[in-house]
Ligand code: SF4
Ligand code: SF4
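Here it is in structure tokens:
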């Protein structure tokens, strides 16, 4: 199992972030998901 | 404190005896992740507040109040979906011979192809099947997929014309046959278009994607991208290989400059042996991939225009709103045979296009069998029943529902069984760590489509 060695090159936020962050949104699982080969987003307007 | 993703096992000593949360080091300077794996619920916590957060407070309270709801939604997502899409392979033939293709080369050279009547009959049968369980206001999706669908262009366009009000259509094409007329037809019918390009210059792109005689097709793809400028329903897929990893940020610049609305940067699926030598090791792939993502962010900041990397956006969505995910490789069971299936030109049905060419995974035939029976066939069950809980290592992995341990076809062919990991565990870990760092930094919206969460409700928003 890997122990991470990712280089931290990303920009860091200037202000202190909240001590606890947790986000969860929910919706009906419609299962419109596809595999990695094609992405079909919302219906393209005709 | 350094906790790798897998440091914690059930009852591990680094969390309180009764805490449901597993600490995961996301390599962030101030925050660490706490993940409850089964419900895919998580919090990002300042390192100096870890002990008190594990002891009590809003994170634990939210989990206690909503764990049952979260578990129910994961169960629904994982085990109770019915198919709403089909990968429709109208031809086995392809005019290219890409080095990592999962379709065996003898099929691509001279395989079978559907004619117009056969294709229309197949769409009729599929329509009858989907209407049986899908609500009237949701259209099932048909994606014409490869080999190269545009070799069966006349039959496919006849199908799109005849069924335009009964399906949403997409086509995944290598772009070589996408002339003005074809583009006008597809865009005029609102068809989703996926192209493939592996590099920002012909020298790089043509290393992996070429004709049977070795000629590259870079110029064709670029011409198609330029013709599609302004059409919101297209995207470009890049398969990350050893050949293009050093050029991935340059490719992102290229896509952005060409105003490509979304792309995918996919790992090489190692189902077929030919792909395995090209895949790149996990660290090289994740370093290049994360650098490319950072580049999309810089470009967005500089220009105000996003280039969404859709497969990564899907991981972010899996973390923020598990039920809203759009791609189904990173949840287990995966979407294969469950939220979609694949049809070969002779009518054979497979759980996913990834299995085409593996005869033991034919579940039945569209023209002779009932689709409901096919979904219950032994080959389909083999894929549908593959879940992370049964895979050694994944069973104790806190991020198992943000990864899904793809891909069953790859695991089966490359690693010797359904209940093995696929080829890229460490890459998936890094991807999730990075996604969580973005959330910790409050940058995640910059990597998502505007309006990605339309239709969702907030179940938890702490510090957000
Ligand atoms: S993980 Fe593999 S089999 Fe499953 S949907 Fe993705 S490509 Fe298909
Ligand atoms: S393959 Fe995915 S779920 Fe399995 S151990 Fe690796 S990161 Fe975790």
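Residue numbers (the numbering used here), protein chains in the order written: chain W, 76 to 121; chain Y, 814 to 1277. For each residue, glycine too, the CB sits at the ideal point set by N, CA and C. All figures in this text were calculated on a predicted structure; none of them were measured in a lab.
is_contact[residue i, chain W] using C-beta, thresh 8 Å
| i | result |
| --- | --- |
| residue 1271 of chain Y | yes |
| residue 1255 of chain Y | yes |
| residue 889 of chain Y | yes |
| residue 858 of chain Y | yes |
| residue 844 of chain Y | yes |
| residue 862 of chain Y | yes |
| residue 886 of chain Y | yes |
| residue 963 of chain Y | no |
| residue 1275 of chain Y | yes |
| residue 1252 of chain Y | yes |
| residue 875 of chain Y | yes |
| residue 1266 of chain Y | yes |
| residue 1141 of chain Y | yes |
| residue 1136 of chain Y | yes |
| residue 956 of chain Y | yes |
| residue 866 of chain Y | yes |
| residue 1120 of chain Y | no |
| residue 829 of chain Y | Since pLDDT at residue 829 of chain Y reaches only 49, below the 50 mark, its modelled position is unreliable, and the value read off the structure follows with that caveat. By this cut-off, residue 829 of chain Y is not an interface position. |
| residue 894 of chain Y | yes |
| residue 1153 of chain Y | yes |
| residue 871 of chain Y | yes |
| residue 854 of chain Y | yes |
| residue 1093 of chain Y | no |
| residue 1148 of chain Y | yes |
Three-state secondary structure (DSSP) of residue i
| i | result |
| --- | --- |
| residue 1058 of chain Y | helix |
| residue 1107 of chain Y | helix |
| residue 844 of chain Y | strand |
| residue 1030 of chain Y | coil |
| residue 933 of chain Y | helix |
| residue 104 of chain W | coil |
| residue 1005 of chain Y | strand |
| residue 1085 of chain Y | coil |
| residue 893 of chain Y | coil |
| residue 886 of chain Y | helix |
| residue 866 of chain Y | helix |
| residue 1053 of chain Y | strand |
| residue 849 of chain Y | strand |
| residue 1238 of chain Y | helix |
| residue 1120 of chain Y | coil |
| residue 1251 of chain Y | helix |
| residue 1127 of chain Y | helix |
| residue 1192 of chain Y | helix |
| residue 1221 of chain Y | helix |
| residue 1175 of chain Y | coil |
| residue 876 of chain Y | helix |
| residue 835 of chain Y | strand |
| residue 1064 of chain Y | helix |
| residue 1180 of chain Y | coil |
| residue 1097 of chain Y | helix |
| residue 1216 of chain Y | helix |
Option in the options with minimal Cα separation from residue i
| i | options | result |
| --- | --- | --- |
| residue 1184 of chain Y | Y:943, Y:877, Y:1265 and Y:1002 | Y:943 |
| residue 1108 of chain Y | Y:1091, Y:908, Y:856 and Y:1065 | Y:1065 |
| residue 954 of chain Y | Y:966, Y:936 and Y:962 | Y:936 |
| residue 103 of chain W | Y:1274, Y:1275 and Y:1270 | Y:1270 |
| residue 1244 of chain Y | Y:918, Y:1222 and Y:1143 | Y:1143 |
| residue 1117 of chain Y | Y:1006, Y:1258 and Y:1161 | Y:1258 |
| residue 1203 of chain Y | Y:1190, Y:1191 and Y:1146 | Y:1146 |
| residue 946 of chain Y | Y:969, Y:932 and Y:897 | Y:897 |
| residue 1137 of chain Y | Y:889, Y:857 and Y:880 | Y:889 |
| residue 1156 of chain Y | Y:1181, Y:1134, Y:979 and Y:1141 | Y:1181 |
| residue 1045 of chain Y | Y:1000, Y:1085 and Y:1013 | Y:1000 |
| residue 1214 of chain Y | Y:1220, Y:1205 and Y:1201 | Y:1201 |
| residue 1158 of chain Y | Y:1192, Y:959 and Y:1149 | Y:959 |
| residue 1262 of chain Y | Y:1276, Y:1124 and Y:1250 | Y:1124 |
| residue 883 of chain Y | Y:895, Y:892 and Y:852 | Y:852 |
| residue 1072 of chain Y | Y:1205, Y:1120 and Y:930 | Y:1120 |
| residue 1098 of chain Y | Y:1133, Y:1135, Y:1053 and Y:862 | Y:1053 |
Residue i at chain B interface by Cβ criterion, 8 Å
| i | result |
| --- | --- |
| residue 960 of chain Y | You won't find chain B in this structure, because its protein chains are W and Y. |
(message) By the 8 Å beta-carbon criterion, what residues does the segment 1050–1063 of chain Y contribute toward chain W?
(response) 1050
(request) Please go through the segment 956–1011 of chain Y and give each complete beta strand (DSSP E) segment of 3 or more residues, from N-terminal end onward. (result) 981–985 and 1005–1009
(request) Give the residues from the segment 1186–1197 of chain Y that approach chain W closer than 7 Å (Cβ to any Cβ), ordered along the chain. (result) none
(message) Counting only Cβ-Cβ distances shorter than 7 Å, please list the residues of the segment 898–909 of chain Y near chain W, keeping chain order.
(response) 898
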